[in-house]
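Participant: If you read the sequence shown in the working numbering, its first letter stands for residue 11, the second for the next number, and so on.
The following block contains the structure, expressed as structure tokens.
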Amino acid sequence: MFFNVTTEHNLENPQRNPPLSRQSLLRRLAAVLAIAAALGVFLVLR
């Protein structure tokens, strides 16, 4: 449901697509960094 709401919101407000995409990229980068950190800690502890 969350993805449906976000897509509808983007379609209703096309002018807000750039900042939303920028935020999504930052969230992806943060998630990738968190996963990389978790993998690094796992490898070190193993």
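Think of the CB as a built atom: it goes at the ideal place given N, C-alpha and C, for glycine as much as any other residue.
These numbers come from a predicted model, not from an experiment.
Sorted by chain position, which residues of the same chain lie with C-beta nearer than 8 Å to Met11's C-beta, five sequence neighbours on each side aside?
Facilitator: Bear in mind that a pLDDT of 45 at Met11, under 50, signals an unreliable position, so the model cannot answer this.
Participant: Do you know offhand how far Arg37's Cα is from Ala48's?
Facilitator: Each residue's Cα considered, the two are about 16 Å apart.
Participant: Whole angstroms are fine: how far does the CA of Ala46 sit from the CA of Arg56?
Facilitator: If I take the Cα positions, the gap works out to 15 Å.
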